[in-house]
Amino acid sequence: MLRESFSHVPEKLLGGQDVFARTGGLHAAGLFGSDGELLG
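Pasting the structure below:
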């Protein structure tokens, strides 16, 4: 993964957290591909 891709990781991870948006709290982990895309 390119260094520049890391700056977008938090916003991409947060975008996939529907429960966090509703409750304001949730532990999460994400799997990102070498292109910086959220895989799951």
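The sequence shown begins at 539 in our numbering and counts up by one.
Note that CB positions come from ideal geometry on N, CA and C, so glycine has one too.
The structure presented is a predicted model; accordingly, all values stated were derived computationally and were not measured.
Closest by C-alpha distance to residue i, when choosing among the options
| i | options | result |
| --- | --- | --- |
| Leu-564 | Ser-572, Gln-555 and Gly-571 | Gln-555 |
Limits of the alpha helix (DSSP H) - the one that residue i falls within
| i | result |
| --- | --- |
| Glu-542 | 541-544 |
Cutoff 6 Å; reference residue i; Cβ partners in own chain excluding five residues on either side
| i | result |
| --- | --- |
| Ala-566 | Gln-555 |
| Gly-568 | Leu-551 and Leu-576 |
Assigned secondary structure, residue i (DSSP; H/G/I helix, E/B strand, else coil)
| i | result |
| --- | --- |
| Leu-576 | strand |
Any C-beta of chain B under 9 Å from that of residue i
| i | result |
| --- | --- |
| Leu-540 | In summary, chain B is missing from the structure at hand, where a single protein chain is found. |
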